[in-house]
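Encoded as structure tokens, the structure appears first; notes follow it.
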Amino acid sequence: MKEEKVKNFVNTVIFLSRIFSVLNDKFLRRKLYGKLSDFIEGYLERKDEHVAQSVNMKLNVATDSLLEFLDYIEYGKIITATPLLYARKSLLLFKLNLLRARINPKITKTKEEKRETVSVARLKPRKEIDLSENKEKILNYIKSSPDSRTKDIVYEFNSVLSERTVKRNLKELVSEGFVKKSSKDRAVFYR
199 MKEEKVKNFV NTVIFLSRIF SVLNDKFLRR KLYGKLSDFI EGYLERKDEH
249 VAQSVNMKLN VATDSLLEFL DYIEYGKIIT ATPLLYARKS LLLFKLNLLR
299 ARINPKITKT KEEKRETVSV ARLKPRKEID LSENKEKILN YIKSSPDSRT
349 KDIVYEFNSV LSERTVKRNL KELVSEGFVK KSSKDRAVFY R
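Going by the numbering used here, the letters in the sequence shown line up with residues 199 to 389, in that order.
Here you go:
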């Protein structure tokens, strides 16, 4: 895949160079030379900086500029259509690869970073998650009386916690996996 991208870039430069050699007008030659230089510079910067967003934009602008220039040459019928079509096809394929790279960026980590993330993941077992005092009280109540209804839990903690806080804590306990939620005949039970 990477070889295809490099091959596509080289083909694009070759096709544009052929158009450059056929052009007789000095003004158009200077324009094409400048646009081609910007295109190559953007590609080389992209290789050095491992796809920075600003470099990608610069390369995208250079590609659009070349496509616009090819449209101008085609409209003026300055050279035959065949080299223009090859160059346009190659530029459009290059732009497609740019857009795909922007949509699916590949983030590579070094071996040390991978080891650190794995070791951090191993250090935090699931049982060591700190629960707030309110959540612990609710969890202990559910353990002492299984199949507790939401209504009963809210009633039990009504003097200490608001109904909204109790329901929020229940939701968090369910999402963290400490409590299982089941419903039966429009009543919600917690286990």
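We put the CB at the ideal spot given by N, CA and C, even for glycine.
Classify Val377: buried if its beta carbon has 16 or more other beta carbons within 10 angstroms, exposed otherwise.
Stepping through the sequence shown from its first residue, residue 377 is reached at position 179. Sixteen is the threshold: when 16 or more other Cβ atoms of the shown chains lie within 10 Å of the Cβ of Val377, as they do, the residue is buried.
Lys293 (DSSP reduced to helix, strand or coil):
By one-based count along the sequence shown, residue 293 stands at place 95. Correct three-state label for Lys293: helix.
How about Asn332 and Asn367: do their beta carbons lie closer than 8 Å?
The residue given as residue 332 occupies position 134 in the sequence shown. The residue given as residue 367 occupies position 169 in the sequence shown. Going by C-beta atoms, Asn332 is nearer than 8 Å to Asn367.
Through-space distance from Leu268 to Ile276, alpha-carbon basis:
For this step, residue 276 is matched to residue 78 along the sequence shown. For this step, residue 268 is matched to residue 70 along the sequence shown. Rounded to the nearest angstrom, the gap between the Cα atoms of Ile276 and Leu268 is 10 Å.
Ser343 in three-state terms, based on DSSP:
Position 145 of the sequence shown holds residue 343. In the three-state reduction of the DSSP assignment, Ser343 falls in the coil class, being assigned neither a helical nor a strand state.
Between Arg286, Ala260, Glu243, Asn258, which has its C-alpha nearest Ile271's C-alpha?
The count along the sequence shown starts at 1 and reaches residue 271 at position 73. For Ile271, the nearest C-alpha among the options comes from Arg286.
What are the boundary residues of the alpha helix (DSSP H) that Ser381 is part of?
In the sequence shown, counting from the first residue as 1, residue 381 sits at position 183. In the DSSP assignment, Ser381 falls outside any alpha helix (DSSP H) and lies within the beta strand (DSSP E) extending over 379 to 382.
So for Val386, helix, strand or coil by DSSP?
The residue you call residue 386 lines up with position 188 of the sequence shown. Val386 falls in the strand class under three-state DSSP.
Delimiting residues of the alpha helix (DSSP H) encompassing Asn367
Taking the first residue of the sequence shown as position 1, residue 367 is located at position 169. Counting along the chain, the alpha helix (DSSP H) containing Asn367 begins and ends at 361 to 374.
Between which two residues does the alpha helix (DSSP H) holding Asp350 run?
Mapped onto the sequence shown, residue 350 falls at position 152. Note, Asp350: alpha helix (DSSP H), 348 to 354.
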